[in-house]
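Heads up: the structure comes next, in structure tokens.
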Amino acid sequence: MKPVLIRGGRVIDPSRGADGVADLYLEDGKVAAVGRDIGSPDEAVVIDAAGKLVTPGFIDLHVHLREPGQEDLETVATGAMAAAAGGFTAVCAMPNTDPVTDNQAAIGFIVSQAQRAGKARVYPIGAISLGQKGQQLAEFGELVGAGAVAVSDDGKPVVSSHLMRTALEYARTFSIPVADHCEDPTLSAGGAMHEGIVSTRLGLKGIPAAAEEIMVARDILLADLTGGHVHLCHMSTRGSVELIRHAKDKGIRVTAEACPHHFTLTHEQCEGYNTNAKMNPPLREAEDREAIRQGLRDGTIDAICTDHAPHHYDAKEREFDDAPNGIIGLETALGLAITELVEPGVLTLCDLVNRMSTMPARIFNLPGGTLAPGAPADVTITDPKADWTVDPAEFFSKSRNTPFAGRRLTGRAHVTIVRGNVVYQRER
Ligand SMILES: [Zn+2]
Numbered sequence: 010m011k012p013v014l015i016r017g018g019r020v021i022d023p024s025r026g027a028d029g030v031a032d033l034y035l036e037d038g039k040v041a042a043v044g045r046d047i048g049s050p051d052e053a054v055v056i057d058a059a060g061k062l063v064t065p066g067f068i069d070l071h072v073h074l075r076e077p078g079q080e081d082l083e084t085v086a087t088g089a090m091a092a093a094a095g096g097f098t099a100v101c102a103m104p105n106t107d108p109v110t111d112n113q114a115a116i117g118f119i120v121s122q123a124q125r126a127g128k129a130r131v132y133p134i135g136a137i138s139l140g141q142k143g144q145q146l147a148e149f150g151e152l153v154g155a156g157a158v159a160v161s162d163d164g165k166p167v168v169s170s171h172l173m174r175t176a177l178e179y180a181r182t183f184s185i186p187v188a189d190h191c192e193d194p195t196l197s198a199g200g201a202m203h204e205g206i207v208s209t210r211l212g213l214k215g216i217p218a219a220a221e222e223i224m225v226a227r228d229i230l231l232a233d234l235t236g237g238h239v240h241l242c243h244m245s246t247r248g249s250v251e252l253i254r255h256a257k258d259k260g261i262r263v264t265a266e267a268c269p270h271h272f273t274l275t276h277e278q279c280e281g282y283n284t285n286a287k288m289n290p291p292l293r294e295a296e297d298r299e300a301i302r303q304g305l306r307d308g309t310i311d312a313i314c315t316d317h318a319p320h321h322y323d324a325k326e327r328e329f330d331d332a333p334n335g336i337i338g339l340e341t342a343l344g345l346a347i348t349e350l351v352e353p354g355v356l357t358l359c360d361l362v363n364r365m366s367t368m369p370a371r372i373f374n375l376p377g378g379t380l381a382p383g384a385p386a387d388v389t390i391t392d393p394k395a396d397w398t399v400d401p402a403e404f405f406s407k408s409r410n411t412p413f414a415g416r417r418l419t420g421r422a423h424v425t426i427v428r429g430n431v432v433y434q435r436e437r
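The numbering used here puts the first residue of the sequence shown at 10, with every later residue one more than the last.
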């Protein structure tokens, strides 16, 4: 492996409070040096990063890669390539595959598929319950031993408070978080979008904000009871942000993530029965979107994740009520975050890197999130001024379901480096 010298970029490393023009030297898969005018051996790959941002690689805590079971929608390899093209050096794969990733062999399969692909790192998340049926806990020790970094029944909530309590207690002994999809199914049943003025106008059954908030409140109470670490997935309502803020003030072990669609879009996007605006949790109101932005700003929401959820074109062509939930996000997240959060002044670039790299690494206890010497050579070089229009036909993902087609964005990944290897470079 050749050493890599990244020359003259704006190096932003929230883990060390660093922000300034510097060179970054990578050798043997690790960060070897950061500083001014670093010399390099003749064989080194030299990347000119003038005018670009050089940061620890972005880490997405929440993606659905559909393998095994739905390889026509996405595979570990295509998802890892889409991740690299979006500037992500690592993604965490949710276990709601077919079969469910709820045992050692299934975790091992994801790990080996990711190694074969050799693009972004893929960390498997194991299921909380066997088959995600919400009844019997999976063997967390076995999952962690095989490489799982967290447990989650995402796609479904953990309905039983007793099961959630035991999951938090059990996960605590392995020092991993329990990531929960917060939804009270008795309140959300039959709902296709956010319950509000737009659902009324469209004649669609709604999902009230309380369906999420009830479970957020319960999970916080159970984290307090058990001392376990609960990580709240894809937060979407202002009430959830308030509950988390209060819990953090009390010192409860809760972390939270939010997705670009929830800080960018509102339920108005569903007008015209646009199925690419159908997701779970649903797009909410302008006040909710604003609360998510403020939560990211003040740290109530720790991390930005994509909830990348590939679906068939045909499936999204169905009637709104019958269409599947979710959108792909790996190749638009960075541009949306810069355009919607940094340009309006909600986050500084350093805050953004913190929410997309340093904090995700900390929350799931992953390598990366820092450019300290000795850290893994996982680096994203971003062109913060790239002015581009989202064209799903260009995506590396196998799927095209996005509400952002045609949207003009600022900021895009330029080069993505994993373990010291260039895994993605944008063509001129
Ligand atoms: Zn979910």
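The beta-carbon is built from N, C-alpha and C at its ideal position, and this holds for glycine as well.
Going by C-alpha to C-alpha distance, which of the options sits closest to residue i?
i, options, result
"Ser49", "Gly60, Pro353, Asp32, Pro23", "Asp32"
"His73", "Asp57, Asn105, Ala58, Ile56", "Asn105"
"Gly164", "Arg125, Ala176, Val109, Phe97", "Val109"
"Ala218", "Thr195, Phe183, Arg210, His238", "Thr195"
"Cys242", "Thr315, Arg302, Gly212", "Thr315"
"Glu280", "Ser208, Asp81, Gly415", "Ser208"
"Phe329", "Ile337, Ile313, Asn285, His321", "Asn285"
"Pro382", "Gly140, Gly44, Lys11, Gly17", "Gly44"
"Asp323", "Gly29, Trp397, Leu82", "Leu82"
"Ser161", "Val168, Leu350, Arg174, Ala188", "Ala188"
"Ala232", "Thr264, Asp360, Gly212", "Thr264"
"Leu139", "Ala147, Thr175, Thr398", "Ala147"
"Lys257", "Arg210, Ile310, Gln79, Glu277", "Ile310"
"Val167", "Ile336, Ala402, Ile137", "Ile137"
"Ile134", "Pro186, Leu345, Ala414", "Pro186"
"Gly95", "Tyr282, Ala414, Lys325, Phe404", "Phe404"
DSSP has residue i in a bridge; who is on the other side?
i, result
"Ile313", "Ala267"
"Arg25", "Bridge partners of Arg25: none, in fact."
"Ala31", "Gly18"
"Val431", "Ile426"
"Val160", "Gly135, Val187"
"Arg130", "Ala99"
"Asp57", "Arg16"
"Arg421", "Asp392"
"Val239", "Val187, Val263"
"Pro77", "Bridge partners of Pro77: none, in fact."
"His203", "Ile216"
Kindly indicate which three-state DSSP category residue i falls into: helix, strand or coil?
i, result
"Pro65", "strand"
"Gln438", "This structure cannot speak to residue 438, because the chain is shown only from 10 to 437."
"Lys467", "The structure shown does not extend to residue 467, since the chain is modelled only from 10 through 437, so no value can be given for it."
"Thr110", "coil"
"Asn4", "The chain is shown from 10 up to 437; residue 4 falls before or after that span and cannot be answered."
"Val359", "The sequence given here has Cys at residue 359, not Val. If DSSP states are grouped into helix, strand and coil, Cys359 belongs with the helices."
"Lys448", "This structure leaves residue 448 out entirely; the chain is present only between 10 and 437."
"His71", "strand"
"Pro333", "coil"
"Leu380", "coil"
"Pro401", "helix"
"Gly44", "strand"
"Pro385", "strand"
"Gly354", "coil"
"Glu436", "coil"
"Tyr322", "helix"
"Lys257", "helix"
"Arg247", "helix"
"Glu221", "helix"
Please report how far the alpha carbon of residue i lies from the alpha carbon of residue j, in whole angstroms.
i, j, result
"Ile229", "Asp193", "15 Å"
"Gly420", "Val55", "22 Å"
"Tyr358", "Gln144", "Note on identity: in this sequence residue 358 is Leu, with Tyr being the wrong assignment. Answer to the nearest angstrom: the Cα atoms are 43 Å apart."
"Glu76", "Asp46", "45 Å"
"Gly450", "Gly117", "Outside the modelled stretch of the chain, which goes from 10 to 437, sits residue 450, for which no answer is possible."
"Arg130", "Ile372", "16 Å"
"Gly38", "Val424", "16 Å"
"Arg364", "Gly66", "12 Å"
"Ala58", "Ala91", "22 Å"
"Ser197", "Ile426", "41 Å"
"Gly377", "Ala41", "14 Å"
"Val100", "Asp69", "5 Å"
"Glu151", "Tyr34", "37 Å"
"Arg25", "Thr64", "12 Å"
"Cys191", "Asn430", "38 Å"
"Arg417", "Val399", "6 Å"
"Ile15", "Ala422", "15 Å"
"Phe272", "Glu52", "44 Å"
Would residue i count as contacting chain B if we go by Cβ distances under 7 Å?
i, result
"Ala295", "Of the protein chains in the structure, only one exists, and it is not chain B."
Are the region 243-258 and the region 287-304 touching by the rule of at least three beta carbon pairs closer than 8 Å?
-> yes
When the Cβ atoms of the region 207-227 are set against those of the region 402-413, are three or more pairs found closer than 8 Å?
-> no
Touch check for the region 197-210 and the region 279-292: three-plus C-beta pairs under 8 Å?
-> yes
contact_flag[the region 173-188, the region 229-241] where n(CB pairs < 8 Å) is 3 or more | yes
Could you say if the region 81-89 and the region 386-394 meet the contact criterion of at least three C-beta pairs nearer than 8 Å?
-> no
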